[in-house]
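Residue numbers (the numbering used here): 801 to 1102.
Report on the following structure.
If you want it as structure tokens, here you go:
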């Protein structure tokens, strides 16, 4: 059984679950028709039912019963206690098993390190996972070791008290040093692998601050006021400043890094056990720093 908490309402149930999972809309409809999707513990019979803020949406999918293999994959642990771990995720590491990637994921690594000492709220396939980072996005991700911690963190995400900041190298230059992108995001109608700014999407708000300017690029800090799939990547492309080396969203490959130059740099949240608010940071990986070093040496403005 997998549970997803709705942080803001107004979306159709099938659209909400499509955005929050890797499942297709047709597969979700089959689960709904089979009575395997629940809101607040009650089975739902209509794919078009509207979810509300705070709804606990659960679904029972056969994939969730699969055995997850423990694998000895190196992890950079920034912090851990009995309830949570904060991991600095490396580029190329998928967060949890799914279609086409049953092994070699963060969950496989977590199973090796912690065994059954992980939260089970999202099922075995997503054991310990509270939120996600894209495969080639590096940086901080919070892991829940207990169901108690998972509930606490899920509530913090729902209440938007978890603060996350990213750094990135983008293509092009910005007119202003500080700005906000407020544009709704939904599944791209032409390519299911992508998200896009669409009129019927869910509200998405991203703040940005330009840290350094170069001839063809900028070093930028992003803050998320919402948490949509691919949000920073989509909004950056939407305003004509795609993340460098992001092939999916039109980023230039000229800096030579295999994956978008986007890094989860800072996260602030309350530790579940004592509610102490902590902030954790992680430096950008070597390939990111090398690209930034090249720009500073050869393409610095001013």
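By construction, the Cβ of each residue, glycine as well, lies at the ideal position given by its N, Cα and C atoms.
Taking DSSP's pairing of strands, which residues face residue i in a bridge?
i, result
"residue 1018", "970, 1013"
"residue 1038", "None; residue 1038 has no bridge partner."
"residue 1024", "1006"
"residue 1070", "1077"
"residue 886", "879, 942"
"residue 1062", "968"
"residue 842", "839"
Rounding to the nearest angstrom, what Cα-Cα distance links residue i and residue j in this structure?
i, j, result
"residue 1013", "residue 978", "13 Å"
"residue 1051", "residue 812", "31 Å"
"residue 849", "residue 934", "28 Å"
"residue 961", "residue 972", "32 Å"
"residue 865", "residue 921", "With a pLDDT of only 49 at residue 865, under 50, the local geometry of the prediction cannot be trusted, and no value is derived from it."
"residue 928", "residue 868", "13 Å"
"residue 816", "residue 1098", "45 Å"
"residue 940", "residue 1081", "7 Å"
"residue 1037", "residue 910", "33 Å"
"residue 913", "residue 894", "17 Å"
"residue 1044", "residue 1053", "7 Å"
Please confirm whether residue i and residue j have their CB atoms less than 8 Å apart.
i, j, result
"residue 819", "residue 1002", "yes"
"residue 1101", "residue 969", "no"
"residue 949", "residue 883", "yes"
"residue 967", "residue 1063", "yes"
"residue 1135", "residue 847", "Only positions 801 to 1102 of the chain appear in this structure, which leaves residue 1135 out of reach."
"residue 1088", "residue 1061", "yes"
"residue 942", "residue 1067", "yes"
"residue 1020", "residue 1029", "no"
"residue 814", "residue 825", "yes"
"residue 1103", "residue 997", "Beyond the ends of the chain as shown, which are 801 and 1102, falls residue 1103; an answer cannot be given."
"residue 930", "residue 897", "no"
"residue 953", "residue 1072", "yes"
Identify which residue in the options has its Cα closest to the Cα of residue i.
i, options, result
"residue 1024", "1065, 885, 916, 936", "1065"
"residue 1086", "868, 841, 836, 889", "889"
"residue 1005", "947, 926, 1031", "1031"
"residue 878", "1083, 1088, 1089", "1083"
"residue 982", "823, 1039, 1048", "1039"
Strictly under 8 Å for the Cβ-Cβ distance: is residue i near chain D by that measure?
i, result
"residue 1002", "You won't find chain D in this structure, because it holds only one protein chain."
Starting from the N-terminal side, write out each stretch of the alpha helix (DSSP H) that is 4 residues or longer and does not extend beyond the stretch 805–840.
813–820, 825–833
Along the chain, which unbroken stretches of the alpha helix (DSSP H) at least 4 residues long are found entirely within the stretch 905–979?
906–914, 947–958
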